[in-house]
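For our numbering, add 1 to where a residue sits in the sequence shown, where the first one is 1.
Just so you know, even glycine gets a beta-carbon here, dropped at the ideal spot from N, CA and C.
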Amino acid sequence: MKEALNIPAGMPGWLWSHRNRGTVHPLHHHTELEFNLMIRGSGTYLVGDRRFAVRRNDLLWLFPGQEHILIDQSADFSMWVAVFRPQLVAQASGGSVETAPLREEDPDGHFCRRLSDPQAARLGSLFDELIAASDDAPRYRSGLAYALLAAWSAFASGEAVPPGASVHPAVERAAHLLRQDDALGLQSLARRTGLSPSRLSRLFKQQIGLALVDYRNRLRIERYLAARAETDDSMLEAALSAGFGSYPQFHRVFKRVMGCGPAAYGRSRR
């Protein structure tokens, strides 16, 4: 799915910090170049047919021709997200060989590297300054261009984070289908992906890193968190609307996945 990003009018890009609020995103790509710098916690991305397990200080580039999705994130996951319109990328990169991948739709290779603590801290300070200048349009535009090149320079000297094995198309489709409807059972998923139930179940756990039932529960917790953040639903109402059959079931799953009960988690996020 091609997504139209909500970048303020007249801006050549945008920068913000993300933390896990339970929002569910579909598999997507967009015209803009993107990078994600992980601040804390851990997450799992699908980029094309590759899976990347990321953690603190990992810098991941996502190119316009790459379908991608953050399929899993820990309760404490947070990161910097920056997106850049093509015109800014072309102007900032200046046509040099070193920055050539930035101008491509889907360059060869893998673009996830782990930065050193000083590198990540310098970028974090730069991004803090840039956000503070968001009301000063000329300064913000110049800062975005500098942030793009600073991140690319840090990436160039980072430690490679190898991707996992290629994700089978049926596994990728199963993950996508579950994000659309997490009530789909194993038999239905197997029919729609063309694999036997046992093979799909085995491949999914091997390649995504979660059993199908655990992946389904993560999606439901994400929906619960989104409902609590965006509506006035009680914990019970949000749990039931997210797909849990009962509050005890929800509480048990939530504590296993998040490491604490929902009430304690809510207090920690205030």
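Since Pro13 contacts Arg142 with CB under 8 Å, what's their CB separation in whole angstroms?
-> Start at 1 with the first residue of the sequence shown, and residue 13 comes out as number 12. Start at 1 with the first residue of the sequence shown, and residue 142 comes out as number 141. Confirmed, Cβ separation roughly 6 Å.
With which residues is Arg174 paired in a DSSP beta bridge?
-> Translated into the one-based positions of the sequence shown, residue 174 becomes position 173. Arg174 is not bridged to any residue.
Three-state secondary structure (DSSP) of Asp50 = In the sequence shown, counting from the first residue as 1, residue 50 sits at position 49. In the structure shown, Asp50 sits in coil (DSSP, three-state: anything other than H, G, I, E or B).
Endpoints, alpha helix (DSSP H) assigned at Val214 | What you label residue 214 is simply residue 213 of the sequence shown in a count that begins at 1. Note, Val214: alpha helix (DSSP H), Leu213 to Glu231.
Terminal residues of the beta strand (DSSP E) in which Gln74 lies = Along the sequence shown, read from residue 1 onward, the residue named residue 74 stands at position 73. Element bounds for Gln74: His69 to Gln74.
The alpha helix (DSSP H) spanning Ile8 covers which residue range?
-> Here residue 8 is taken as the residue at index 7 of the sequence shown, counted from 1. Looking at the DSSP string, Ile8 is not in any alpha helix (DSSP H), and its letter there is neither H nor E.
Whose C-alpha, out of Ser154, Ile132 and Trp153, is nearest the C-alpha of Gly144?
-> Counting from one through the sequence shown, the residue named residue 144 turns up at place 143. Nearest C-alpha to Gly144: Ile132.
Residues in its own chain within less than 7 Å of Arg104 by CB, not counting five upstream and five downstream?
-> Here residue 104 corresponds to residue number 103 of the sequence shown, with the count starting at 1. For Arg104, where only same-chain residues beyond five positions count, the Cβ hits under 7 Å are Val90, Ala91 and Ser94.
Whole-Å CB distance - Leu196 paired with Ala176, under 8 Å assumed | Translated into positions along the sequence shown, residue 196 becomes position 195. Translated into positions along the sequence shown, residue 176 becomes position 175. In fact, because the Cβ distance is near 13 Å, the residues do not count as touching under 8 Å.
Per DSSP, which one or two residues make a beta bridge with Ala134?
-> Residue mapping note: residue 134 aligns to position 133 of the sequence shown, counting from 1. According to DSSP, which records beta bridges pairwise, Ala134 is partnered with nothing at all.
Pair within 8 Å by beta-carbon distance, Glu35 and Leu63 = Taking the first residue of the sequence shown as position 1, residue 35 is located at position 34. Taking the first residue of the sequence shown as position 1, residue 63 is located at position 62. Yes; because the gap between Cβ atoms is below 8 Å, this pair is in contact.
What's the call for Thr194, buried or exposed, on a 16-neighbour Cβ count within 10 Å?
-> Walking along the sequence shown from the start, residue 194 turns up at place 193. By the 10 Å Cβ count, Thr194 comes out buried.
State the beta-bridge partners of Phe251 as determined by DSSP.
-> For the purposes of this step, residue 251 is taken as the residue at position 250 of the sequence shown. Partner(s): none; Phe251 has no beta bridge.
Proximal residues to Ser18 (C-beta, below 7 Å), its chain only, five neighbours per side dropped | For this step, residue 18 is matched to residue 17 along the sequence shown. Taken in chain order, the residues that qualify are Ser79 and Trp81.
Test item: CB-CB of Glu173 and Leu71 under 8 Å | By one-based count along the sequence shown, residue 173 stands at place 172. By one-based count along the sequence shown, residue 71 stands at place 70. Result no, Cβ atoms of Glu173 and Leu71 do not sit closer than 8 Å.
CB-CB under 7 Å to Arg56, same chain, minus the five flanking residues each way: which ones, in chain order?
-> If you number the sequence shown from 1, residue 56 lands on position 55. The answer, listed in chain order, is Met39 and Ser43.
Look at Pro139 and Arg52 and say whether their C-beta atoms are less than 8 Å apart.
-> Counting from one through the sequence shown, the residue named residue 139 turns up at place 138. Counting from one through the sequence shown, the residue named residue 52 turns up at place 51. For the pair Pro139 and Arg52, the CB atoms are not nearer than the 8 Å cut-off.
Alpha helix (DSSP H) segment containing Glu238, residue limits = Sequence index remark: in the sequence shown, residue 238 carries index 237 (1-based). Here the alpha helix (DSSP H) through Glu238 covers Met236 to Ser242.
Exposed or buried, what is Leu220 when buried is set at 16 or more other beta-carbons lying within 10 Å of its beta-carbon?
-> One-based indexing of the sequence shown puts residue 220 at position 219. Buried: at least 16 other Cβ atoms inside 10 Å.
What is the C-beta distance between Gln74 and Asn37, in whole angstroms, given that I count them as a contact (C-beta under 8 Å)?
-> On the sequence shown, position 73 is the one that residue 74 refers to. On the sequence shown, position 36 is the one that residue 37 refers to. Contact flag wrong, Cβ pair sits at about 11 Å.
Counterpart residues of Phe245 in DSSP-defined beta bridges | For this step, residue 245 is matched to residue 244 along the sequence shown. In DSSP, Phe245 forms no bridge with anything.
Pick from Phe112, Pro108 and Ala152 that is closest to Gly125, judged by C-alpha positions = Translated into positions along the sequence shown, residue 125 becomes position 124. Nearest Cα to Gly125 within the set Phe112, Pro108 and Ala152: Ala152.
Straight-line CA distance for Pro198 to Gln181?
-> The residue you call residue 198 lines up with position 197 of the sequence shown. The residue you call residue 181 lines up with position 180 of the sequence shown. Cα to Cα, the separation comes out at about 19 Å.
Alpha carbon to alpha carbon, how far is Asp137 from Gly11?
-> Within the sequence shown, the letter at position 136 stands for residue 137. Within the sequence shown, the letter at position 10 stands for residue 11. Cα to Cα, the separation comes out at about 12 Å.
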